[in-house]
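Data block below; observations after.
Structure, rendered in structure tokens:
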């Protein structure tokens, strides 16, 4: 029975399954019964990348990212 839950969200252009190995770094006993989830963002055009379609949780308007440089999809 899981005692804790980790929802791991990947970065721009990455995928959930590519991040799954990170859980092997959490070796302390507190993580023994942890349930992990590694979802993948949907593919969307990303403004800062000239509209290139890639896995993205939201549209990034510019880099560096500031409080006003993103848009919800």
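Residue numbers (our numbering): 337 to 409. All residues carry an ideal CB built from backbone N, CA and C; glycine is no exception. The structure displayed is predicted, hence computed values, not measured ones.
Rounded C-alpha distance that separates residue i from residue j
{"i": "residue 382", "j": "residue 354", "result": "20 angstroms"}
{"i": "residue 346", "j": "residue 395", "result": "14 angstroms"}
{"i": "residue 357", "j": "residue 364", "result": "16 angstroms"}
{"i": "residue 350", "j": "residue 376", "result": "8 angstroms"}
{"i": "residue 386", "j": "residue 352", "result": "24 angstroms"}
Cβ shell of residue i (< 6 angstroms), same chain only, five flanking positions each side left out
{"i": "residue 344", "result": "355 and 374"}
{"i": "residue 341", "result": "371"}
Residue i - containing alpha helix (DSSP H), residue span
{"i": "residue 353", "result": "352-355"}
Close-in-space but distant-in-sequence residues of the same chain around residue i (CB under 7 angstroms, 5 per side omitted)
{"i": "residue 389", "result": "379, 380 and 381"}
{"i": "residue 384", "result": "396, 397, 398 and 399"}
{"i": "residue 392", "result": "348, 377, 380 and 382"}
Residue(s) in a DSSP beta bridge with residue i
{"i": "residue 373", "result": "343"}
Run of the beta strand (DSSP E) containing residue i, from where it starts to where it stops
{"i": "residue 390", "result": "388-391"}
{"i": "residue 380", "result": "379-382"}
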